[in-house]
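The block underneath contains the structure these notes are about, expressed in structure tokens.
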Amino acid sequence: MKIRAAITGVHGYVPDYVLSNKVLETMVDTNSEWIESRTGIQERRILKGKGLGNSDMGVAAIKGLLKKKNISPEEIDMIIVGTVTGDLVFPSTSNIICDKIGAKNAWGYDIAAACSGFLFALTTATQFIETGRYKKIIVVGSDKMSSIVDYTDRATCIIFGDGAGAVLLEPDTEGSGIIDSILRVDGSGRKFLFQPGGGSVLPPTMRTVANRDHFIYQEGQAVFKFAVKGMADVSEEIMKRNNLKGEDVAWLVPHQANKRIIDATAHRMKIGSEKVMLNIHRYGNTTSGTIPLCLWDYEKQLHKGDNIILSAFGGGFTWGAIYLKWAYDTK
Ligand code: UT7
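Heads up, the sequence shown is in my numbering, so the first residue is 15 and it goes up one at a time.
Rendered as structure tokens:
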């Protein structure tokens, strides 16, 4: 039977500090009711502490995963990290994580696909397992969004939070694992959601800092329209080409950007809200972190053989959907 890449474990990490809607009311001109009704978010986590970065959240998630699976860091072949807020411009956060956890036999790299980062990384890792070349790959989705959020901009600071999730991928020949994926990019959408400064077009200078160019720029309404269509389109397409109807799907795991985008996607897929994973109220939008954090939160409710659709839309634009069969029951 064909070798498939199956998720055989999941773990997550969110920082302790809770930034509630009420506290945001004291920082910008907003109110809790508006935030909750327009986005579904009640609070988000923020990584505080000098010298702490993205890799520290990834490390915490991976350490929990290794402990749960009772495997040592030396057994890991690769670590692929979906992120747009790496510790440094270079080297990659994967590189730093390998060092911090002692994954001496692993190699890896980062994938920058904004909110679709975890899906792009998971699909990439799947290829290495399917060839038979690698046996244990960790895929991380981790973002420290607070490092690029302007806390004077009410249009963006209410949405984002920090967090990381990690999954272990292993070969499966019994029918579970990642079955299909559809991934898309449209670079013409970059003007609606991006970080203007800090890259090679606009390297950091006193002026770029003064202009607040190192923060996220987003045209929320435009992104919202593309996101609703993009996420629903690929989710519907992946169901169609795998002959799945709404009732065949056990769980939809949507990127957590806005509850209204999630509802619209589930509606197009004819999936009831009881089968939609949701944690946006607690963590906000953690970019690459949202999907693995959902899997972590819902792990105990998942069963071997469950048909699961992961779906995301993000800056770039990037978007996509993955169809997988869950590989294990949690004792
Ligand atoms: O994850 C990556 C992809 N990103 C996304 O998917 C985000 C997609 N976009 C969104 O989720 C929504 O567009 C936002 C949550 C960002 C904004 O919600 P919206 O319903 O699109 O609001 P809007 O920008 O159309 O603004 C509606 C009103 C405006 O007031 P007026 O002009 O109607 O008087 C805004 O000034 O709400 C006002 N407003 C706010 N009010 C209180 C905008 N932001 C806030 C705020 N608090 N934080």
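Glycine residues also receive a C-beta, built at the ideal position from the N, C-alpha and C atoms.
Check: residue i C-beta below 7 Å from any heavy atom of the ligand UT7
{"i": "V248", "result": "no"}
{"i": "G329", "result": "yes"}
{"i": "C308", "result": "no"}
{"i": "F238", "result": "yes"}
{"i": "H295", "result": "no"}
{"i": "Q56", "result": "no"}
{"i": "I162", "result": "no"}
{"i": "R198", "result": "no"}
{"i": "I275", "result": "yes"}
{"i": "G234", "result": "yes"}
{"i": "R52", "result": "yes"}
{"i": "W121", "result": "no"}
{"i": "A278", "result": "no"}
{"i": "H25", "result": "no"}
Counted within 10 angstroms of its Cβ, other Cβ atoms place residue i as buried (16 or more) or exposed
{"i": "R18", "result": "buried"}
{"i": "L182", "result": "buried"}
{"i": "F104", "result": "exposed"}
{"i": "P306", "result": "buried"}
{"i": "A236", "result": "exposed"}
{"i": "T300", "result": "buried"}
{"i": "T166", "result": "exposed"}
{"i": "G146", "result": "exposed"}
{"i": "K38", "result": "The question names Lys, yet the displayed sequence has Leu at residue 38. It is buried - the Cβ of L38 has at least 16 other Cβ atoms within 10 Å."}
{"i": "N45", "result": "exposed"}
{"i": "D262", "result": "exposed"}
{"i": "K150", "result": "buried"}
{"i": "G346", "result": "For residue 346 there is no data in the structure shown, the boundaries of the chain being 15 and 345."}
{"i": "W265", "result": "buried"}
Contact belief for residue i with residue j at Cβ below 8 Å, rounded distance in angstroms
{"i": "Y31", "j": "I60", "result": "5 Å"}
{"i": "L79", "j": "G23", "result": "5 Å"}
{"i": "G175", "j": "G298", "result": "4 Å"}
{"i": "F327", "j": "G244", "result": "5 Å"}
{"i": "A139", "j": "M92", "result": "7 Å"}
{"i": "I230", "j": "T53", "result": "With a Cβ gap of about 15 Å, I230 and T53 do not count as contacting."}
Residue i - containing beta strand (DSSP E), residue span
{"i": "L324", "result": "321–328"}
{"i": "M92", "result": "92–96"}
{"i": "H281", "result": "Element bounds for H281: not the beta strand (DSSP E) but the alpha helix (DSSP H), 273–283."}
{"i": "D157", "result": "151–158"}
{"i": "K365", "result": "With the chain represented from 15 up to 345, any question about residue 365 goes unanswered, as that position is not in the structure."}
{"i": "L316", "result": "Counting along the chain, L316 falls outside any beta strand (DSSP E), and DSSP gives it neither H nor E."}
Delimiting residues of the alpha helix (DSSP H) encompassing residue i
{"i": "D70", "result": "68–83"}
{"i": "P306", "result": "304–312"}
{"i": "S195", "result": "First-last for S195: 191–199, but that is the beta strand (DSSP E), not the alpha helix (DSSP H)."}
{"i": "E50", "result": "46–53"}
{"i": "T107", "result": "107–115"}
{"i": "D247", "result": "234–255"}
Any C-beta of chain C under 8 Å from that of residue i
{"i": "G67", "result": "In the displayed structure, chain C is absent; only one protein chain is listed."}
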